[in-house]
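Undergrad: Submitted below is the structure of interest, expressed as structure tokens.
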Amino acid sequence: MARREITLSVDVDAPVETVWREVTDWESQGEWMLGTEVRVTRGDGTSVGSELAATTGVGPLGVTDTMEIVGWDPPHRATVRHTGRVVRGSGVFSVLARRGDDGREASTFVWSEQLDLPLGALGALGWPLVRPAFAWGLQRSLDALARRCERDADRDADRDAER
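Start counting at 1 in the sequence shown, then tack on 394, and there's your number in the numbering used here.
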């Protein structure tokens, strides 16, 4: 089976904790992840051994990606093992602290996938065609995540200022 890696990132003007809260709120990922709904299918979704199912697609055309959380290091890293028939391999969400241009707390969110491509040699041949569309969709999702986190951080700062 051919294995391919894809890693994308986005800078977020929000603290690590805000980004972590958003990316690990599995049930709301569909609000920022393009064409995807995620649900916890076993466990609490916040510990090793919990299982998730992410369905991506439009209407009846979709793929369900089942996963098991195999690494959990809040608020910095979550690792999953893809266990489905179509999607296999591993994925990592990493949240890295940084300083924003204005000196405030900020983050970089990194999404990395090591995918075991289906269909053997055919999958390996098709990857160069699929990868750009896959990367485009992931990057659009990451950009939406950044906007969402930044709105949350602004709202939290406004609440803190009112106190």
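Beta carbons: idealized from backbone N, C-alpha and C, even for Gly.
#1: Give me the residue from Ser488, Gly456, Arg545 with the minimum Cα distance to Glu372.
#2: Identify, in the order they occur along the chain, each residue of the same chain with its Cβ nearer than 7 Å to the Cβ of Val480, setting aside the five sequence neighbours on each side.
#3: Comparing C-alpha positions only, which one of Ala515, Leu523, Val486, Glu544 sits nearest to Leu402?
#4: Suppose you measure from the CA of Arg482 to the CA of Ala396; what does that come to, to the nearest Å?
#5: What is the DSSP secondary structure of Thr412, counted as helix, strand or coil?
#6: Grouping DSSP H, G and I as helix and E and B as strand, with all else coil, what is Gly456?
#7: Relative to the alpha-carbon of Arg542, which residue among Pro409, Ile400, Ser441 has its alpha-carbon at the smallest distance?
#8: Where does the unbroken beta strand (DSSP E) through Glu499 begin, and where does it stop?
#9: Only counting the same chain, and skipping five residues up and downstream in sequence, which positions put a Cβ closer than 6 Å to that of His470?
#10: Please look up how many angstroms separate the CB atoms of Ala472 and Thr460, rounded, as I've assumed it's under 8 Å.
#11: Which residues in the same chain have their Cβ closer than 7 Å to the Cβ of Gly517, if we skip the five residues on either side of it in sequence?
TA: Inspection of the coordinates gives the following:
#1: Residue 372 cannot be examined here, being either before or after the span of the chain that is shown, 395 to 557.
#2: Closer than 7 Å at Cβ, skipping near neighbours: Val457, Pro512.
#3: Cα-wise, what sits closest to Leu402 is Val486.
#4: Straight through space, the alpha carbons of Ala396 and Arg482 are spaced by roughly 11 Å.
#5: Helix.
#6: The answer is strand: DSSP assigns Gly456 an E or B state.
#7: Checking every option, the nearest Cα to that of Arg542 belongs to Pro409.
#8: It spans 499–510 - the beta strand (DSSP E) in which Glu499 sits, taken as one unbroken run.
#9: Excluding positions up to five away in sequence, the list reads Val489.
#10: Ala472 to Thr460, Cβ: 16 Å. No contact.
#11: Answer for Gly517: Ala396, Leu511, listed in chain order.
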